[in-house]
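Data first, discussion second: the structure below is written as structure tokens.
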Amino acid sequence: MTIMNKKTTLDKESSLTKVIDDISEGINDAGTVFNSEELPEKKDSTGKEAVRYLLWGLLSVVVNFGTFFLLYHTMHLNYQFANIVAWFLGVQVGFWIDRIIVFHHKSNTAFREMLAFYGTRILTFLIETATLWIGISVFSADGTGSKIVGQILAITGNYALSKFFIFKNKN
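Numbering (UniProt numbering), first residue to last: 1 to 171.
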């Protein structure tokens with residue numbers, strides 16, 4: 001009995017393999033999350049940093065939206081209360097993502113930075129709250145649509161405040 005061995009061409013990368021490799025490289029570029037060693041500071045372009053902010057920041061947006069949806073639409077709680085709880089949880093997730101993964105910030109002042117982070121987020125929270133109030137209470141618009149507009153305004157402001165005030169790396 002003859003066994004035929006079919007050789008597959010491994011030299012040609014399939015598009016799926018390329019995507020998996022690109023994602024792996026991006027995750028590896030994010031660095032280790034819980035490493036206690038000081039790594040040499042790696043200069044990133046603002047474009048790469050912004051992309052990381054948007055992609056990884058989606059996690060805090062999902063937490064924010066998921067909490068808002070659960071409390072406002074499912075449990076029928078007041079939209080302002082739902083927004084406060086959603087904001088708090090989203091900011092907490094966002095702080096750690098921004099500090100560790102987006103800006104690669106290393107310092108011994110995490111608690112002080114967290115206070116500053118919350119402080120700057122209060123401004124964008126007020127903008128989002130005003131957007132919800134105008135959308136829902138004034139224009140009787142859909143809560144989800146108003147939340148999306150508020151989040152777009154908040155995300156833009158949050159990136160600038162984080163980059164230039166909270167996680168600026170001092171040389």
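Glycine is no exception: its CB is placed at the ideal position from the N, C-alpha and C atoms.
Just so it is clear, the structure is predicted and the values come from calculations on it, not from any experiment.
Compare the beta carbon distance of Ser146 and Ile155 with 7 Å and say whether it is the shorter of the two.
Taking the first residue of the sequence shown as 1, we reach residue 146 at position 146. Taking the first residue of the sequence shown as 1, we reach residue 155 at position 155. Cβ distance not < 7 Å, so Ser146 and Ile155 don't count as in contact.
Could you say which of Arg52, His104, Ser45 and Arg99 lies nearest to Phe111 if we only look at CA atoms?
For the purposes of this step, residue 111 is taken as residue 111 along the sequence shown, with counting starting at 1. Answer by Cα proximity: Arg99.
What first and last residue would you give for the alpha helix (DSSP H) that runs through Lys72?
Position 72 of the sequence shown, counting from 1, holds the residue named residue 72. Here residue 72 turns out to be Tyr, not Lys, going by the sequence shown. That residue, Tyr72, is in no alpha helix (DSSP H); it is neither H nor E in DSSP.
First and last residue of the alpha helix (DSSP H) that includes Val93?
Here residue 93 refers to the residue found at position 93 when the sequence shown is read from its first residue. Its alpha helix (DSSP H) spans residues Tyr79 to Trp96.
Check whether the Cβ atoms of Gly90 and Ser60 lie closer than 7 Å to each other.
Start at 1 with the first residue of the sequence shown, and residue 90 comes out as number 90. Start at 1 with the first residue of the sequence shown, and residue 60 comes out as number 60. In this structure, Ser60 lies closer than 7 Å to Gly90 by Cβ.
Under 8 Å Cβ to Cβ from Ile127, same chain only, skipping five residues before and after it: list those, please.
Against the sequence shown, residue 127 aligns to sequence position 127. Excluding positions up to five away in sequence, the list reads Gly150, Leu153, Ala154 and Gly157.
Cβ-based burial, Lys76 [other Cβ within 10 Å; buried from 16]:
As a working mapping, residue 76 is identified with position 76 in the sequence shown. It should be pointed out that residue 76 corresponds to His in this sequence rather than to Lys. So His76 ends up on the exposed side.
Exposed or buried, Asn64, counting other C-beta atoms within 10 Å across all chains shown (16 or more means buried)?
Your numbering for residue 64 matches position 64 in the sequence shown. Buried, since its Cβ has 16 or more Cβ neighbours within 10 Å.
Take Phe165 and list the residues in its own chain whose beta-carbon comes closer than 8 Å to its own, dropping the five residues that flank it on each side.
By one-based count along the sequence shown, residue 165 stands at place 165. For Phe165, where only same-chain residues beyond five positions count, the Cβ hits under 8 Å are Ala116 and Thr120.
Look up Gly31 in the DSSP assignment and say whether it is helix, strand or coil.
Here residue 31 is taken as the residue at index 31 of the sequence shown, counted from 1. With a pLDDT of 48 at Gly31, under the threshold of 50, the modelled position of this residue cannot be trusted; read the value that follows with caution. Coil.
Determine the extent of the alpha helix (DSSP H) in which Ser146 is found, giving its start and end residues.
For the purposes of this step, residue 146 is identified with residue 146 of the sequence shown, where counting begins at 1. From DSSP, the alpha helix (DSSP H) with Ser146 extends over Gly143 to Leu161.
For Trp133, which residues from the same chain have a beta carbon less than 6 Å from its beta carbon, with the 5 sequence-adjacent residues on both sides left out?
As a first step, residue 133 must be located in the sequence shown, where it is residue number 133. Cβ neighbours of Trp133 beyond the five flanking positions: none.
Within 10 angstroms of its Cβ, does Ala86 collect 16 or more other Cβ (buried), or is it exposed?
The residue labelled residue 86 in the question sits at position 86 within the sequence shown. Counting Cβ neighbours within 10 Å, Ala86 comes out buried, since at least 16 surround it.
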